[in-house]
Amino acid sequence: MAAWLLAAGPAGAQIRIGQSAAFTGPAAASVQEGTEGARLYLDAVNAQGGIKGQRIELISMDDRYDAQVAVVNTRSLIDQGVLAMFLSRGTAPTQAMLPLLAEHKLALVAPGTGARQLREPFNPYVFNLRASFQREAERAIRHLAGIGVKRLTIVQASDDFGSDAGTGALKALEALNMRASAVLRFDPRKPELTPLMQQLARADMEAVLLIGPAYAVVEGVTALRAAGSKAHVATLSNNASADFVKALGDNARGVIVTQLFPYERSQTTPLVREAQTLARARGRSGELSPAAIEGFAAAKLLVEGLRRAGKDLSRDGLLKALDSLRQVDLGGLELSIGPSNHAGLDFTDISIIGADGKFWR
């Protein structure tokens with residue numbers, strides 16, 4: 056089998072939750088950080104007795120961002136009796152799971168993608184947490200316009216992700232009575248962005264919105280700076296990881312990254328404060344990442360559904376419980392869920408990478 060088991064969780068667990076995500080490959084850093092954040096909360100729940108005396112086991116499998124492997128993993132996890140799937144990563148691998156979710160009436164909680172395809176048409180088995188790609192692209196455009204940018208170019212991957220987020224960016228420009236100087240596309244499998252970035256530098260662009268995977272955005276920023284451009288660069292939250300900053304090196308400072316969860320160093324947000332407290336209790340001295348906060352919030356949503364299910368801890372019982380949440384407060388972060396509303400949060404924010412390599416807001 057192409058996938059491999061990463062973690063079996065606590066011995067004697069009775070509530071099994073499945074996860075297929077890219078623990079290796081270009082999205083590995085965000086996946087690992089997000090899963091660590093989720094386990095931080097799940098471990099705390101287990102330490103307090105779990106759900107009605109039953110411990111939660113998160114079974115994580117690597118799909119390498121490959122849709123076919125994601126299907127194999129999901130089948131394996133279903134055979135192992137998981138109550139739900141959780142915290143997948145990427146549009147294509149997540150979409151590939153959908154027929155299996157429907158066949159087995161299985162919830163997918165907090166997929167790590169803002170794709171329109173997971174929101175439209177409505178899917179009763181997908182419970183989104185993060186805001187959509189379009190909303191965060193709109194937020195990036197509003198920020199750039201707010202700092203006075205007039206001439207900007209959108210550079211997007213020629214895939215569903217790039218098209219989806221790019222649509223959001225264009226909607227925001229239209230609402231602001233602005234237009235992009237150009238919308239350029241690249242093959243995410245082989246970006247070759249240097250010629251495009253040199254072209255933008257010669258055109259003296261004021262800003263570039265780069266929509267794509269981390270390795271492509273790093274290549275684009277590096278080429279843009281090498282061409283002598285000082286244009287503002289913005290990208291989306293899929294690149295909000297420590298490894299992304301490290302890969303940018305000296306070019307990291309000033310890069311704008313959209314964020315979908317509250318500031319990871321905030322002491323005023325109960326969700327973040329709780330995560331920080333649990334991390335310190337576990338002896339973790341380093342700061343939490345944006346991806347870790349997403350994973351922590353996702354685990355809180357999952358646990359709330361499990362608690363609401365009560366004695367009916369079954370796949371169908373969890374589905375009904377999640378649909379009954381209506382207004383759920385994850386700790387200063389409110390989410391609306393109902394039988395016809397699984398759209399996720401509206402929350403979006405902006406961070407800027409500082410000279411110290413940290414995301415600042």
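Under our numbering, the first residue of the sequence shown carries the number 56, and numbering increases by one thereafter.
Think of the CB as a built atom: it goes at the ideal place given N, C-alpha and C, for glycine as much as any other residue.
Nothing here was measured: the structure is a model prediction, and the numbers come from that model.
Mapping the DSSP letters down to three states, classify residue i as helix, strand or coil.
i	result
residue 178	coil
residue 204	coil
residue 150	helix
residue 101	helix
residue 304	helix
residue 75	strand
residue 412	coil
residue 260	coil
residue 289	strand
residue 219	helix
residue 117	strand
residue 422	Because the chain here runs from 56 to 416, residue 422 falls outside it and cannot be looked at.
residue 197	helix
residue 245	coil
residue 173	helix
residue 186	coil
residue 329	helix
residue 128	helix
residue 92	helix
residue 18	Since the first residue shown for the chain is 56 and the last is 416, residue 18 is missing from the structure and cannot be characterised.
residue 158	helix
residue 275	helix
Who does residue i pair with in a DSSP beta bridge?
i	result
residue 314	404
residue 70	111
residue 283	Bridge partners of residue 283: none, in fact.
residue 396	393
residue 383	390
residue 474	With the chain covering 56 to 416 only, the question about residue 474 has no answer from this structure.
residue 419	Missing from the structure shown is residue 419; the chain here goes from 56 to 416 and no further.
residue 106	109
When the Cα atoms are used, what is the spatial distance from residue i to residue j?
i	j	result
residue 229	residue 89	34 Å
residue 180	residue 157	7 Å
residue 336	residue 176	43 Å
residue 305	residue 298	13 Å
residue 312	residue 96	26 Å
residue 273	residue 214	18 Å
residue 280	residue 91	34 Å
residue 395	residue 197	29 Å
residue 126	residue 162	15 Å
residue 385	residue 401	14 Å
residue 56	residue 155	Low confidence applies to residue 56: its pLDDT is 37, below 50, so where it sits in the model is not reliable enough to give any reading.
residue 129	residue 138	12 Å
residue 350	residue 93	4 Å
residue 282	residue 120	32 Å
residue 373	residue 309	43 Å
residue 202	residue 261	11 Å
residue 397	residue 383	12 Å
residue 60	residue 75	Note that residue 60 scores 40 on pLDDT, short of 50, meaning its location in the model is unreliable and no value can be drawn from it.
residue 67	residue 322	Because residue 67 sits at a pLDDT of 48, beneath the cut-off of 50, its placement in the model cannot be relied upon, and the following sentence gives the value as read from the coordinates. So the alpha carbons of these two residues sit roughly 36 Å apart.
residue 393	residue 409	39 Å
residue 411	residue 365	46 Å
residue 164	residue 363	15 Å
Beta-carbon separation of residue i and residue j under 8 Å?
i	j	result
residue 417	residue 81	Given a span of 56 to 416 for the chain in the structure shown, any question on residue 417 remains unanswerable.
residue 315	residue 344	no
residue 243	residue 221	no
residue 160	residue 370	yes
residue 377	residue 141	no
residue 288	residue 300	no
residue 219	residue 147	no
residue 217	residue 240	yes
residue 352	residue 184	yes
residue 236	residue 206	yes
residue 131	residue 152	no
residue 227	residue 209	no
residue 70	residue 114	no
residue 359	residue 388	no
residue 403	residue 194	yes
Ends of the beta strand (DSSP E) at residue i?
i	result
residue 137	Here residue 137 belongs to no beta strand (DSSP E), and DSSP marks it neither H nor E.
residue 237	237-241
residue 163	162-164
Would you kindly report the start and end of the unbroken alpha helix (DSSP H) that includes residue i?
i	result
residue 322	Looking at the DSSP string, residue 322 is not in any alpha helix (DSSP H), and its letter there is neither H nor E.
residue 295	First-last for residue 295: undefined, no H or E at that position.
residue 345	345-364
residue 370	370-378
Could you tell me whether the Cβ of residue i comes closer than 8 Å to any Cβ of chain D?
i	result
residue 104	In the displayed structure, chain D is absent; only one protein chain is listed.
Do residue i and the ligand FAD come close, with the Cβ less than 7 Å from some heavy atom?
i	result
residue 257	No copy of the ligand FAD appears in this structure; indeed no ligand is present at all.
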